[in-house]
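First up is the structure itself, then whatever we jot down about it.
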Amino acid sequence: MPRSLNGRLVIATHNEGKLAEMRELLDHYGVKAVSAGELGLPEPEETGSTFLANSQLKAIAAAAGADCPSLADDSGLCVEALGGEPGIYSARWAGPTRDFGVARAKVEEALRSAGAAPPFKAHFICVLTLAFPDGETRSFEGRVDGELVFPARGSLVFGYDPIFLPEDLTKTFGEMTLEEKQAIPPDGSPALSHRARAFQAFARGCFGA
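According to my numbering, the stretch in the sequence shown is residues 12 to 220, in order.
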């Protein structure tokens, strides 16, 4: 572990699904972490206009609140026929209760209203930011392209996963196990998910892996 992390890391999220994915990836590098939610830290308002800006503000807030290094993620689904929406507002499409069944239905209805026809090209983006209490930050991006499928497929009902089919694959993210989706190939080839790809960049930058 880098000396600068000092053996401690806060994951700046209150989202249980995102927390599970991030812990799975951090375990791969021997990093144990506590979440901002477990520490009772407030969620900052996401006022940024980009994934990078929102990732940075969440990481900086958690690092300051916990007085130790923090890792934050901002990610979302960008649909070509919807002009990149829901994009940075992906979580907000799920409403105050974060019901992603509602969000997935909104995407399908928006595509229908736009008169779009399949294939519905889309991509996921994840930006990870590592922040320190003194305000220093380092950010890493991962992206995966694919298309949307309806009806939803798979029992891993996290976010938009059941409607996202990665390029050149036959299973949606919702039909994969967490381990399969987040696997880091030992040969250095790209991982399947956007979050795992961002973690690959993070690991290269912070662990030399």
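Glycine residues also receive a C-beta, built at the ideal position from the N, C-alpha and C atoms.
Which of the three DSSP states is assigned to residue i in this structure?
i, result
"Ile174", "helix"
"Cys217", "helix"
"Leu37", "helix"
"Ala92", "helix"
"Ala207", "helix"
"Arg149", "strand"
"Ala128", "coil"
"Ala44", "coil"
"Arg164", "coil"
"Glu158", "strand"
"Ala102", "coil"
Please tell me whether residue i and residue j are closer than 8 Å, where the distance is taken between their beta carbons.
i, j, result
"Ala44", "Leu52", "no"
"Phe62", "Gly28", "no"
"Asp84", "Ser60", "no"
"Val113", "Phe135", "no"
"Ala133", "Gly106", "no"
"Leu203", "Pro177", "yes"
"Val168", "Gly146", "no"
"Phe131", "Val90", "yes"
Assuming the contact rule is C-beta atoms closer than 8 Å, residue i and residue j should be a hit. Round their C-beta distance to whole Å, please.
i, j, result
"Ala73", "Ala47", "5 Å"
"His205", "Gly153", "5 Å"
"Ala70", "Ser81", "5 Å"
"Arg19", "Cys79", "4 Å"
Hey, could you find the ends of the alpha helix (DSSP H) residue i is sitting in?
i, result
"Glu120", "Phe111 to Ser124"
"Ala77", "Phe62 to Ala77"
"Glu191", "Leu189 to Gln193"
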